[in-house]
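Heads up: the sequence shown runs through residues 35 to 249, numbered per my numbering.
Heads up: the structure comes next, in structure tokens.
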Amino acid sequence: MADDATRAGQRNAPPAILDYVNRVHVPHDAGLARAFAVPEGIPAIQVGPSDGKLLGLLVRLVGATRVVEVGTLVGYSAIHMARALAPGGQLWSIEYEPRHAEVARANLAAAGVADRATVLVGAGRDVLPTLEAHAPFDVVFIDADKISYDHYGRWALDHLRPGGLVLGDNAYLFGELLDNTDRGRAMRGFHELVAARCDSVCAPTPEGLVIGIKR
35 MADDATRAGQ
45 RNAPPAILDY
55 VNRVHVPHDA
65 GLARAFAVPE
75 GIPAIQVGPS
85 DGKLLGLLVR
95 LVGATRVVEV
105 GTLVGYSAIH
115 MARALAPGGQ
125 LWSIEYEPRH
135 AEVARANLAA
145 AGVADRATVL
155 VGAGRDVLPT
165 LEAHAPFDVV
175 FIDADKISYD
185 HYGRWALDHL
195 RPGGLVLGDN
205 AYLFGELLDN
215 TDRGRAMRGF
225 HELVAARCDS
235 VCAPTPEGLV
245 IGIKR
């Protein structure tokens, strides 16, 4: 159930409640804890624990064997998704910053998923075409430069199998979604593209998560 306040965006989840549900539903083993503790000098902009667990559940629900992630950071979300792959599955994760990619590779190894998760260094626009030989994909998760979301979304929908998932984090664009800016227009284009070609929703996670099932 929901009332007018919750429908308007009010959350009944103060920090103590969020801490509790994360401890209960998303306990961190050593591998996840290592990846969540971003090293000094790298921005702590990884997805939250519940978001990471949700990504893994979605990967598992569709029985994914081929997953692409645009925006690795240090591998926290990649660990959740790689652990959820069906047997023989593979995840390719693209990271622009070489230092971040180096840390991510070490984290993936520590989490025991280096055999099924590959980090590729470069801009998403440049690296994505090199993965097309592996298409069609089951899941594409986008969490990278926001001005390119419409481009990444189009690539995803062109290379996903029917019934595959396109996922986009930061879909509220930090409160700037309706702004008349290049980033705002790109993110709105992403929303509208996914809505036109998928059965979709923007789940009200803290930052907004677009979930689309390709028709």
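All residues carry an ideal CB built from backbone N, CA and C; glycine is no exception.
- The closest CA to that of glycine 218, considering only Ile181, Leu243, Glu226, Tyr186, is found on Ile181.
- Look at valine 58 here: in three-state DSSP terms it is helix.
- Within the model, the alpha-carbon separation for histidine 114 versus tyrosine 186 is close to 21 Å.
- Judged by DSSP secondary structure, glutamate 226 falls outside any beta strand (DSSP E) and instead within the alpha helix (DSSP H) spanning 216 to 231.
- Looking at the backbone, the Cα of phenylalanine 175 and that of glutamate 166 are separated by about 15 Å.
- In this structure leucine 201 is buried. Its beta-carbon is surrounded by 16 or more other beta-carbon atoms within 10 angstroms.
- Cβ-Cβ distances below 6 Å link asparagine 204 to Glu241 in the same chain, with the five nearest sequence neighbours on each side left out; the list follows chain order.
- Separation of alanine 148 and alanine 230 (C-alpha to C-alpha, rounded to the nearest whole angstrom) is 36 Å.
- The region 207 to 214 makes no contact with the region 130 to 140: fewer than 3 CB pairs, one atom from each, lie closer than 8 Å.
- Taking glycine 197 as the centre and dropping the five residues before and after it, the same chain places the C-beta of Val96, Ile247, Lys248 closer than 8 Å to its C-beta, in chain order.
- Taking every protein chain shown into account, the CB of isoleucine 51 has fewer than 16 other CB atoms within 10 angstroms, so this residue is exposed.
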